[in-house]
Amino acid sequence: MGCAFVKQVKHAPGYEESTLLAYETAFTIKEVESLYELFEKISHLIFNDGFIHREEFQFVLFKDSNKRNFFADRIFDLFDIKGNGVIEFGEFVRSLSIFHPYTSQDEKITFAFRIYDLKNAGFIEREELKEMVLALLNESDLFLTDDVVETIVDQTFKQADLNCDEKIDPMEWKEFAKKNPSLLKNMTLPYLMDITMAEFPNFVMNFEVVD
Amino acid sequence: ERPSQMNAFELISTSQGLNLGSLFEK
């Protein structure tokens, strides 16, 4: 009787089959396999446990694991679909699929709405919008007086809040985003078109000794 | 465009934290 040896490929916990992920997303099987390479690189940067932690996500975006950024935090929280504090491989692929050039504009509009709906309440309030503008100013070199910030928020609400109830709901957001397509510019990553040809960056951690 | 005429979402969308291209840039 012969023995058959089946080569077992070791995958990180939370790994999902590439065929399933390709079926559910805009990626092909080969593209999902390429994304696994990228996922492996990021998830072994600091914690080496096969999950992407917040610090690892921040490091690849800013080359600094300690830099906190309001909007990077929002993106991380949405990628972390299960809400368990880490991004698993399946969550990584499903979330990146939203940014694929072939994904419909409607899906991108919905995802962008979820980024800006800070309280997950199903609408964007004036105070939330102001909070986001202030967060943006905080991370940039742009300084605007409080009056100017109020004016910007007021004018945006005038354009987007069609029923004047002081809330931007998903339908109003959809209308507004369609009239202002530049808002969705960062919702499409051209890199994802040629992902099987890509050589992913080698992220290198610089550990600094803090006294 | 004067800042006071800017659309708040357009301003927000310039955040580096919303630019996932860095995941792929060498």
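So the sequences go chain by chain: F and X.
In terms of our numbering, the first sequence opens at residue 20 and continues consecutively.
In terms of our numbering, the second sequence opens at residue 132 and continues consecutively.
From the three backbone atoms N, C-alpha and C, an ideal C-beta is built for every residue, glycine too.
Listed along chain X are Gly-152 and Phe-155, each with a C-beta nearer than 7 Å to that of Tyr-210 (chain F). When secondary structure is reduced to three states using DSSP, Ile-117 (chain F) falls in the coil class, being assigned neither helix nor strand. Here the segment 141 to 161 of chain F makes no contact with the segment 111 to 121 of chain F; the two share fewer than three CB pairs at distances below 8 Å.
For the segment 62 to 81 of chain F, the beta-carbon criterion of a distance under 8 Å to any beta-carbon of chain X is satisfied by Val-79, Leu-80 and Phe-81. The straight-line gap separating the alpha-carbon atoms of Glu-169 (chain F) and Asn-182 (chain F) is approximately 20 Å. Of the other Cβ atoms in all chains shown, fewer than 16 fall within 10 Å of the Cβ of Ala-140 (chain F); this residue is therefore exposed.
Gly-152 (chain X) is positioned such that its CB atom lies no closer than 7 Å to that of Ala-91 (chain F). Contact annotation for Ser-201 (chain F) against chain X: Glu-141 [CB-CB distance below 7 Å, chain order]. For Val-172 (chain F), a Cβ of chain X is located within less than 7 Å of the residue's own Cβ.
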